[in-house]
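Student:
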Amino acid sequence: MRIILIGYGVVGKGVTTILSQKYVEKVRDCGFNPKIVAISDIDGAVINSQGLSPEKLETIKHRGYPISADPEFGNPGLKAIEVIESVEAEVVVEVTPVNIQTAEPAISHIIKAFKTGKHVVTTNKGPLALAMPALTELADYNNVYLRFSGTVGGGTPMLEFAKQCLAGDRIRAIRGIFNGTTNYILTEMGQNQVSFQEALTNAQKLGYAEREPSMDIDGFDTACKVVILSNWIMGRKITLKDVDRIGIRDITLQTLEEAAKRGNTIKLIGSIDNNKPSVKPIEIAKTHPLCVSGVLNAVTFTTEYAGEQTLVGRGAGSIETAGAVLRDLLDIRHKLANRMLNINSESYK
Amino acid sequence: MKLVMKFGGTSVGSGINIRRVAGLVTEYAKDNKIVVVVSALAGVTNSLIETSYHAQKSDEKHIQTFTANLLTKHTDAIKEAITSKAIQKEVIDITVKSIAELEKILTGICYISELTPKSKDYVMSFGERLSAPIVWGAIKDHNVQAQWFTGKDAGIVTDSNFGDADPLMNYTSHLVRERLSPLLEKGIIPIVTGFIAANQDGIVTTVGRGGSDYTSTILGVALQADEVWIWTDVDGIMTTDPKIVPSAKMLPQLSYQEATEMAIFGAKAMHPRALGPVSKANIPVRIRNTANPKNHGTLITKEPQSGVTEAAKAVAIIKDVAMLNVYGAAMVGAPGSYAKVFEVLGRNGINVMMISAAASEANISLIIKRDLLGRAISSLEIALQEHGGIISEVTTEDDVAVIAIIGANMKGTLGVASKIFSTVAKKGINIHMIAQGSSELNISFVVKEKDGVAVVQTIHEEFNLDKI
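Protein chains in written order, with my numbering: chain A, 1 to 349; chain B, 350 to 817.
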């Protein structure tokens, strides 16, 4: 399977690492043969239609920015859009930085991929948060797949669990902790009695929080994930502006202490309940399965037949997210194989 | 309120009418956020289609005469509609440029003698591309800020089914919101060409049946408007044709379903396709009269009017139809035999308007357009009768008319059919064929065309439609 990688940050590098491994293991893994045919970053691209070898990928990683300086395959100045348009491949992996104001440039990359008949795997929440109904429609129209497991729960397969393992059951509500940074801050405040500001500074020192932390602490990141769950799992066409959102800036040590007296604590919960999407700090029992600490993520699906199902795991992280990309690639490969073998089926293209 | 207002061909038929439209829009814009959708000037779309056929036949002379006339027609309208000389000039410049482009395309068609659905859509798009700037100029003439868009630039993206394209509704909503919402927030009136859009690669398409009404409901849904107003040259949808029954009344409210059934009223109603997007999103549509804006028109909404108990709301007559009776003992108990009949008709471009078949399965009656009768008989005989086919005989009656009675309250009301048929029988008129749709909102039957008017009148009276 030929892959174009758009974006060469932490996640992009994680993807090349994992795919190099799979490339080497391909014989044992019978049939999945991922070839990265192009990597695009801000400065330009590296392109080899035969696939960049694991050694080459290693060299590129060592050389670092600018990647287009590669003497053999470098294309300085070549734009991502042009790479998607001109390089032959089955899948585009879009892992550029998140932008929740305009979703650019990721959304243009994704649309260009669809129009040129390429499947898309993305870990970028921006396009999905702002235009998920439009993008899923456009993928269907062009008869390609759009996959995005890495956007919710990172390494924890929350979307697949709900979509595949709970198929047929009616999911009545979804509640979860979808942001590791805020969960770390609230855990610090609750367990070590440090102020919000201090906990935030610690999180920044540890690399959990960005220098500009609003995306996390004002609940935007969680809201994006609520949008994705709502569209994909609940079939409700919403975008970011439809989510009621309160962050954790106003949580004080006092509120946490009062909650503790009742055996509870406060968590930033993203939820879809009665079809109402919201993000807000909520008091929950310390014994509740959702009540995980540190940078962990957790989600509880309340279903009609299976009751409450809770999934706990590590959220974002370069290798975890890259692992999610691999799962998506395998899913697409599996579907494509069926499509290509079953030439009489209507979806064959 | 957020309103999408569509003005049809007659509403923008002349410079004076466009002035009136601009007056209406700017008046409503004082308290509302408005998006305007405009059709081509009356007659222009048809003349574009006609000219494209001339071009296909390599009739180059016709093109020059046509574009010269088109320019005069639009320049006249511009001068009537807009008082400011500066704005006049601005709009004339746009018009001259567009017509020059049109001439090139028509000449191109002329040289290669080929008119594809794609190039035909492109040619047709000029009707609205020429009318929208005039409405824009007339609104600016009132010192109100406005901006005009083609359907494509407004963000309407369709499939590539040229001539009859359907929108990719979610993608369209995304783009339209991105492009038009900021203008509405700033109090700028977007004016969008009806009928025309583009596929995902930016190639011009037209939405076909439903036309500009369809564009306006697409925009209404995309922008989550409070209501979509269809401005036209009648007060609203009537209980029947006032030329047949002078006491016919305007219907104040209809459900989407009822309005869909009323498509048989033809041009005076909305095409069901245009109602599709709004009925899903539950956005009301109002039909209003440009010449009589005091009238509130017909409101089309989710629920039929409350408090109205009469089973029927409207009665229509469809003329110029013919009845086709297909007989064949071989059809009895033979799976797929009806399908063969319909397939032959469909392949020959014959639309079946009404069907009735008895449980005996030995015969089936169909209503089709009268001018297609010869082709229908011939096709059926050739395909299914000769060489021992399933049909033994085809008979016709070409002097008939369909009477349709519509109303949401028919469903579940006992005795509606008996009331209708006894009313007709009292007049001594024979019924030739009967059908009731599964929606139970519509009973249709066939009488001799000479009796049609009397039937409509007596039913209108019997169901008290003049008191609705």
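Ideal Cβ positions, reconstructed from N, Cα and C, are used throughout, including at glycine.
(1) Between the Cα of G154 of chain A and the Cα atoms of A:L330, A:L326, A:N338, which residue gives the shortest distance?
(2) Going along the chain, which unbroken runs of the beta strand (DSSP E) with 3 or more residues stay wholly within the region 596-623 of chain B?
(3) If you draw a straight line from the alpha carbon of M234 of chain A to that of S686 of chain B, how long is it in whole angstroms?
(4) Does any C-beta atom of chain B lie closer than 9 Å to the C-beta of E137 of chain A?
(5) Report yes or no: do three or more beta-carbon pairs, one from the region 498-515 of chain B and one from the region 526-540 of chain B, lie closer than 8 Å?
(6) For E346 of chain A, collect the residues of the same chain with a Cβ closer than 8 Å to its Cβ; drop the 5 residues on either side in sequence, then sort them by chain order.
(7) One question on the structure: do Y145 of chain A and H119 of chain A come within less than 9 Å of each other, judged by their Cβ atoms?
(8) Show which residues of chain A have a CB atom less than 8 Å away from the CB atom of S522 of chain B.
(9) Which one of A:G44, A:P289, A:A45, A:K35 has the shortest CA to CA distance from E55 of chain A?
(10) Consult DSSP for G307 of chain A and reduce its assignment to one of helix, strand or coil.
(11) Thinking C-beta only, is G7 of chain A closer than 9 Å to T151 of chain A?
(12) Spell out whether any CB of chain B is found under 9 Å from the CB atom of Y141 of chain A.
(13) So which of B:F475, B:I716, B:I458, B:N519 has the shortest CA-CA distance to T499 of chain B?
(14) Select from A:T255, A:I3, A:G14 the residue whose C-alpha is nearest the C-alpha of T321 of chain A.
(15) Since K115 of chain A meets chain B, which of its residues come closer than 8 Å, beta carbon to beta carbon?
(16) In the DSSP assignment, find the alpha helix (DSSP H) that holds Y471 of chain B and state where it starts and stops.
(17) Note the first and the last residue of the continuous beta strand (DSSP E) segment covering L673 of chain B.
(18) When DSSP builds the beta bridges, which residues end up paired with N712 of chain B?
(19) For N644 of chain B, which of helix, strand or coil comes out of DSSP?
(20) Go through its chain and collect everything with a Cβ distance to N712 of chain B's Cβ below 7 Å, but skip five positions before and after it.
(21) Could you list the residues in the region 412-423 of chain B with a C-beta less than 7 Å from some C-beta on chain A, going in chain order?
(22) Beta-carbon within less than 8 Å of V10 of chain A's beta-carbon, same chain only, minus the 5 sequence neighbours each way: which residues are those?
(23) Would you kindly work out how many angstroms separate the C-alpha atoms of I228 of chain A and H620 of chain B, rounded to a whole number?
(24) Could you name the residues of the same chain whose beta carbon sits closer than 6 Å to that of H809 of chain B, not counting the 5 residues immediately before and after it, in chain order?
(25) Name, please, each residue of chain A whose Cβ falls closer than 9 Å to the Cβ of D590 of chain B.
(26) Does the distance from the C-beta atom of T239 of chain A to that of L130 of chain A stay below 9 Å?
(27) Unbroken beta strand (DSSP E) runs of length 3 or more, entirely within the region 60-94 of chain A: which are they?
(28) So, does the CB of K118 of chain A fall closer than 9 Å to a CB anywhere in chain B?
(29) I'd like the list of long-range same chain contacts for K797 of chain B, defined as Cβ closer than 7 Å, with 5 residues on each side in sequence excluded.
(30) What are the residues that DSSP puts in a beta bridge with K355 of chain B?
(31) Comparing C-alpha positions only, which one of B:A449, B:P466, B:E463, B:E439 sits nearest to V484 of chain B?
(32) Whose Cβ in chain A lies nearer than 8 Å to the Cβ of D502 of chain B?
(33) According to DSSP, is M587 of chain B part of a helix, a strand, or is it coil?
(34) Under the assumption that V387 of chain B contacts L568 of chain B (Cβ atoms under 8 Å), give the Cβ distance between them as a whole number of angstroms.
(35) Can you check the region 201-283 of chain A for any alpha helix (DSSP H) of at least 4 residues that lies completely inside it and give the ranges in chain order?
(36) Does the beta carbon of K276 of chain A come closer than 9 Å to any beta carbon on chain B?
Tutor: In this structure, then:
(1) A:L326
(2) For the region 596-623 of chain B, the continuous beta strand (DSSP E) assignments of 3+ residues that do not extend past its boundaries occur at 602-604, in sequence order.
(3) 44 Å
(4) By this cut-off, E137 of chain A is an interface position.
(5) Output reads yes: the region 526-540 of chain B touches the region 498-515 of chain B.
(6) For E346 of chain A, the pLDDT reaches just 49, beneath the cut-off of 50, and the residue's location in the model is therefore unreliable, although a value from the coordinates is still provided. So no residue of the chain qualifies.
(7) The answer is yes: Cβ separation under 9 Å.
(8) Near S522 of chain B (Cβ distances below 8 Å), the residues of chain A are P133, A134.
(9) A:K35
(10) Of the three classes helix, strand and coil, the one that applies to G307 of chain A here is strand, per DSSP.
(11) In this structure, G7 of chain A does not lie closer than 9 Å to T151 of chain A by Cβ.
(12) By this cut-off, Y141 of chain A is an interface position.
(13) Ranking the options by Cα distance to T499 of chain B, first place goes to B:F475.
(14) A:G14
(15) Q549, D550
(16) 466-473
(17) 663-676
(18) Its beta-bridge partners are B:Y676.
(19) coil
(20) N674, V675, Y676
(21) none
(22) S318
(23) 36 Å
(24) T589, V594, V664
(25) Per Cβ cutoff of 9 Å: no residues; D590 of chain B is ~41 Å from chain A at best.
(26) Their beta carbons are under 9 Å apart, which means T239 of chain A touches L130 of chain A by this criterion.
(27) 74-76, 91-94
(28) So, not an interface residue.
(29) Cβ-Cβ distances below 7 Å link K797 of chain B to D748, V749 in the same chain, with the five nearest sequence neighbours on each side left out; the list follows chain order.
(30) B:V386, B:I579
(31) For V484 of chain B, the closest C-alpha among the options B:A449, B:P466, B:E463, B:E439 is that of B:E439.
(32) Ordered by position in chain A, no residue passes the 8 Å Cβ test against D502 of chain B, which lies about 17 Å from the chain.
(33) Note: M587 of chain B maps to strand in three-state DSSP.
(34) Going by Cβ atoms, the distance from V387 of chain B to L568 of chain B rounds to 12 Å, so no, they are not a contact pair.
(35) 214-217, 220-232, 253-261
(36) K276 of chain A does not count as touching chain B.
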